[in-house]
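Counting from 1, position 110 in the sequence shown corresponds to residue 130 in this note's numbering; the numbering is continuous, with no gaps. To keep things clear, I will list the structure first and then write my remarks on it.
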Amino acid sequence: MRGSAVVAARLLNKLGYGIAALLVARLLGPSGNGVYTYLASICSFIMLIIGAGANVAGRFEIASTDQRGLHLALQLNAYLALLLGLACLVLTPPVAFAAQLVAGQSSSLVTALACSVYSFSLVVVRQWRDASLALGATVATLKTGAAALVFAAVVGFSAAATREVPAVLLAASAVFTIEALTLASPLRRLGGGSHSRPGISQMWRVYRAGWRAAPATLGQAAALRLDRLILGVLGTPRQLGVYAAAVAVSEVVWAVSVGLAQYGFSKESLTEPRTLLRRSFAVSAIMAAGVGAAAPIGIPLLFGPAYAPAVPLLWLLLPASVLLGLYHVVSHQMWNRGDFRMPSRISAVGAAGLLVGSITLIPVWGMWGAAAATTASYGLMGLWSFRHFRMHSSAGSGGIPE
21 MRGSAVVAAR
31 LLNKLGYGIA
41 ALLVARLLGP
51 SGNGVYTYLA
61 SICSFIMLII
71 GAGANVAGRF
81 EIASTDQRGL
91 HLALQLNAYL
101 ALLLGLACLV
111 LTPPVAFAAQ
121 LVAGQSSSLV
131 TALACSVYSF
141 SLVVVRQWRD
151 ASLALGATVA
161 TLKTGAAALV
171 FAAVVGFSAA
181 ATREVPAVLL
191 AASAVFTIEA
201 LTLASPLRRL
211 GGGSHSRPGI
221 SQMWRVYRAG
231 WRAAPATLGQ
241 AAALRLDRLI
251 LGVLGTPRQL
261 GVYAAAVAVS
271 EVVWAVSVGL
281 AQYGFSKESL
291 TEPRTLLRRS
301 FAVSAIMAAG
311 VGAAAPIGIP
321 LLFGPAYAPA
331 VPLLWLLLPA
341 SVLLGLYHVV
351 SHQMWNRGDF
361 RMPSRISAVG
371 AAGLLVGSIT
381 LIPVWGMWGA
391 AAATTASYGL
401 MGLWSFRHFR
411 MHSSAGSGGI
421 PE
């Protein structure tokens, strides 16, 4: 897979989900957007805990398999995705219902069930996205990016038509499911070979292999999303809605970094780590400057006047978002070599700092406290990753330990 195709897919993906975030924020208003953000974050954590790194293990299983065993590896990925999705269907409703009570929101069985379907579709599409990256399936990966544009249209229509959070969650679930089916078709054709079905023991082996990556993936998710959960509990839905808009825009800055980092998992990746890091930092810095300059006019115009307070929050988040791009490139390169220990440490420290900072600062400063804690966490993760890279680079290992 060419690196340009992966980055293009990632940008399409981020553009689509960014448009969806914009439409939901504008149509539901700050308070409704806050409720949606809180519930979507809950679903993401449930998916990550149940998945326990299975997407990374499946990616390695596919990438390390020859053509004869490729079909079986893809079958393993498909069946495992289905089983994990069923677990999400069962476990999500009580957790989502309790989370609404903890945050002081009006609990609804319909909302809890919508969260259940959302978690199911999210874990399934996640497995197939990683499979497309492992195979180097350029067309499939570009479809992933294009699917995000469809996501934006469907979710936006749902928000406009109903103005209800459960309907938006179900609309998002429908698009995730369609995307998974779209990806599965070309990947199965690529697999070919034997049509034997995987056994429980084989799926268990892949699932257990994912446990090595689980601390890193969970730590990274906590470092990137814990702020929204804590603000949802300690703040108000309106504060969370405005803050979520600022975060959604800031995430555009490291979209290229993630695309370059994910390219490292491709069988065709020959790009030297130093080059990836330089490109990532340069592009992210340029994007941050452009986004920051356009924010005073762009955010009120696109999201609505009620989101004007998101502009200074975005300015606070942008420099740290550039540094976070360094973490993505370095950590993915280490994952590509089977080293999950250092990414786990970096993400765990970042998550711990975010937790302490959020609990301390949000009760005092509200969404500003969340932004300050997030900025410190992102900056720490990025600088530590860069320091680790430089240490091994000066030792002559190419920047990343083998």
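Idealized CB from N, CA, C, for every residue including glycine. Every value quoted in this text rests on a predicted model; they were computed, and no experiment measured them.
- Around the beta carbon of Ile62, 16 or more other beta carbons sit within 10 angstroms, so the residue counts as buried.
- In the three-state scheme derived from DSSP, where H, G and I count as helix and E and B as strand, Gly261 is classed as helix.
- Of the other Cβ atoms in all chains shown, 16 or more fall within 10 Å of the Cβ of Gly402; this residue is therefore buried.
- Judged by their CB atoms, Leu111 and Leu246 are not nearer to each other than the 8 Å cut-off.
- In the three-state reduction of the DSSP assignment, Pro329 falls in the coil class.
- One alpha carbon belongs to Val144, the other to Val331, and they sit about 35 Å apart.
- The C-beta distance from Ile382 to Gly255 rounds to 6 Å, short enough to fall under 8 Å.
- Annotation: Arg183 is outside any alpha helix (DSSP H) and is labelled neither H nor E by DSSP.
- Where Trp274 is concerned, there is no enclosing alpha helix (DSSP H), because DSSP gives it neither an H nor an E.
- If you draw a 10 Å sphere on the C-beta of Met362, you find 16 or more other C-beta atoms in it, and that means buried.
- Boundaries of the alpha helix (DSSP H) around Ala372: Arg361 to Trp385.
- Listed in chain order, the non-local C-beta contacts of Trp404 below 6 Å within the same chain comprise Ile366, local neighbours out to five positions each way being set aside.
- With distances taken between CA atoms, Glu199 lies nearest to Ser141 out of Pro186, Ser141 and Val384.
- Each residue's CA atom was taken as its position, placing Val185 and Thr295 some 43 Å apart.
- Rounded to whole angstroms, the gap between the alpha carbons of Ala305 and Tyr37 is 21 Å.
- Taking all protein chains in view, the Cβ of Gly124 is surrounded by fewer than 16 other Cβ atoms within 10 Å, so the residue is classified as exposed.
- Put simply, the backbone Cα of Leu322 is about 16 Å away from that of Glu271.
- Each residue's CA atom was taken as its position, placing Ala265 and Trp335 some 12 Å apart.
- In terms of CA proximity to Arg407, Leu344 leads the group Leu344, Gly252 and Ala371.
- Ala314 sits away from Val342, with the two beta carbons spaced by 8 Å or more.
- A residue is called buried when at least 16 other Cβ atoms come within 10 angstroms of its Cβ; Pro114 does not meet this threshold and is exposed.
- Per the coordinates, the alpha-carbon of Trp388 lies some 10 Å from the alpha-carbon of Ser378.
- The criterion of a C-beta distance shorter than 8 Å is not satisfied by Phe301 and Leu337.
- Cβ-Cβ separation between Leu103 and Ala241: approximately 21 Å, too far for a contact (criterion under 8 Å).
- Apart from the 5 residues on each side of it in sequence, Pro50 sits with its Cβ closer than 6 Å to the Cβ of Arg258, Gly261, Val262 and Ala326 in its chain, given in chain order.
- With respect to Ala192, Tyr138 sits close: the two C-beta atoms are nearer than 8 Å.
- Under a 10 Å Cβ-count criterion, Leu129 is classified as exposed, with fewer than 16 other Cβ atoms of the shown protein chains found around its own Cβ.
- Cβ-Cβ separation between Cys108 and Ser127: approximately 19 Å, too far for a contact (criterion under 8 Å).
- Residue nearest to Arg248 within the set Gly318, Ile70 and Ala390 is Ala390 (criterion: CA-CA distance).
- Spatial neighbours of Ile250 in its own chain (CB-CB distance under 8 Å, excluding positions within 5 residues in sequence) are listed in chain order as Leu375, Ser378, Ile379, Ile382 and Ala390.
- The beta carbons of Ser397 and Ala268 sit no closer together than 8 Å.
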